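Enquirer: Let me give you the structure first, and then I'll get to my questions.
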Ligand SMILES: [Zn+2]
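In the numbering used here, the protein residues as written are 1 to 255.
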């Protein structure tokens, strides 16, 4: 294939991807119909633990995400179900993994690769009519003590999420998945050094007196601030809210 032709095809794909994203961003920002969110599982470490965990995954394992977003959206006056979550099962095809400690350029290249990968996959999949696709990498908790950061492309409508293949992490996996989902709606991170939520933006109750300890986490703050230098991961979405700072970023009406 000639070089010009290859460039032309690449350019065409880019135009299609960007056009599709622009349409979806507009749809996301309007919140006048339910957004379809589809979750896929990936055995990222090729382990038996991840395999048996994924085999037992059902839509019921993700229902908490839908309930959380719809409950919080209603608090801000969205009178429809903001999202509907479905589970697409396991994918054999592993998405491009983000660079471990890459430069800004490495991250941009990865995000383009991931976009292309997702776009090709979605066009091949005739059952997929989702607006937002979330890809969850599962890892065996026995061999991975900590996970790399998950990545939701802000306003990109896809996210790559890292989760633990263990029942006891079901609630916290759902917190991470929802955090990345909120990125795809356009929400920004609200935590700083040591994963400590930033005050006031990253707090569930920023004007509580005394300020500490907080009892809930803000979804983009990510953790429950115990004191000025310590925060803990919420066990489930029952301990999480969307505050006004995040709500305004994703175009939920803030009075
Ligand atoms: Zn984030």
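Think of the CB as a built atom: it goes at the ideal place given N, C-alpha and C, for glycine as much as any other residue.
The structure presented is a predicted model; accordingly, all values stated were derived computationally and were not measured.
Between residue 83 and residue 68, what straight-line distance do the alpha-carbon atoms span, to the nearest angstrom?
Expert: Along the chain shown, read from residue 1 onward, the residue named residue 83 stands at position 83. Along the chain shown, read from residue 1 onward, the residue named residue 68 stands at position 68. Approximately 10 Å between the Cα atoms of the pair.
Enquirer: Under a three-way DSSP split, which group does residue 62 fall into?
Expert: In the chain shown, counting from the first residue as 1, residue 62 sits at position 62. Coil.
Enquirer: State the beta-bridge partners of residue 218 as determined by DSSP.
Expert: Position 218 of the chain shown holds residue 218. DSSP output for residue 218 lists 241 as bridge partner(s).
Enquirer: Using C-beta distances below 6 Å, list every residue in its chain close to residue 28, excluding the 5 sequence neighbours before and after it, in chain order.
Expert: Here residue 28 is taken as the residue at index 28 of the chain shown, counted from 1. Same-chain partners within the cutoff: 185.
Enquirer: For residue 136 and residue 107, what's the separation of their Cα atoms in angstroms?
Expert: Taking the chain shown and counting its residues from 1, the one referred to as residue 136 is at position 136. Taking the chain shown and counting its residues from 1, the one referred to as residue 107 is at position 107. For residue 136 and residue 107, the distance between alpha carbons rounds to 19 Å.
Enquirer: Which residue from 226, 234 and 218 puts its Cα closest to that of residue 244?
Expert: Along the chain shown, read from residue 1 onward, the residue named residue 244 stands at position 244. Answer by Cα proximity: 218.
Enquirer: Output the boundary residues of the alpha helix (DSSP H) element that contains residue 113.
Expert: Here residue 113 corresponds to residue number 113 of the chain shown, with the count starting at 1. 104–124 is the span of the alpha helix (DSSP H), which, as asked, contains residue 113.
Enquirer: Considering only residues of the same chain and omitting the five flanking positions on each side of residue 131, which have a CB-CB separation below 6 Å?
Expert: The sequence position of residue 131 within the chain shown is 131, counting from 1. Contacts found: 24, 35 and 36.
Enquirer: Verify the contact flag: residue 189, CB atom, against every heavy atom of ligand 1, threshold strictly below 7 Å.
Expert: Residue mapping note: residue 189 aligns to position 189 of the chain shown, counting from 1. Yes, since a heavy atom of ligand 1 falls inside the 7 Å radius drawn around the Cβ of residue 189.
Enquirer: Does the segment 75–95 come within contact of the segment 39–55, defined as at least 3 CB pairs closer than 8 Å?
Expert: With the cut-off at 8 Å, the segment 75–95 and the segment 39–55 touch.
Enquirer: Excluding sequence positions up to five away, which residues of its chain have a Cβ less than 7 Å from the Cβ of residue 199?
Expert: For the purposes of this step, residue 199 is taken as the residue at position 199 of the chain shown. Cβ within range, chain order: 206.
Enquirer: Just the C-alpha distance for residue 220 and residue 151, rounded to the nearest angstrom, thanks.
Expert: Counting from one through the chain shown, the residue named residue 220 turns up at place 220. Counting from one through the chain shown, the residue named residue 151 turns up at place 151. When rounded, the distance between both Cα atoms is 13 Å.
Enquirer: On the criterion of 16 or more Cβ atoms from any shown chain inside 10 Å, does residue 183 qualify as buried, or is it exposed?
Expert: Here residue 183 refers to the residue found at position 183 when the chain shown is read from its first residue. Buried, since its Cβ has 16 or more Cβ neighbours within 10 Å.
Enquirer: Can you list the beta strand (DSSP E) stretches of 3 or more residues lying completely in the segment 126–214, in chain order?
Expert: Whole beta strand (DSSP E) segments, 3+ residues: 132–139 and 158–164.
Enquirer: Only counting the same chain, and skipping five residues up and downstream in sequence, which positions put a Cβ closer than 6 Å to that of residue 31?
Expert: Walking along the chain shown from the start, residue 31 turns up at place 31. Excluding positions up to five away in sequence, the list reads 78.
Enquirer: DSSP puts residue 42 in a beta bridge; with which residues?
Expert: Counting from 1 along the chain shown, the entry for residue 42 is found at position 42. Note: residue 42 sits in a beta bridge opposite 137.
Enquirer: Going by other Cβ atoms of all chains shown within 10 Å of its Cβ, with 16 needed for buried, is residue 190 buried or exposed?
Expert: Your numbering for residue 190 matches position 190 in the chain shown. Its Cβ being crowded by 16 or more others within 10 Å, residue 190 is buried.
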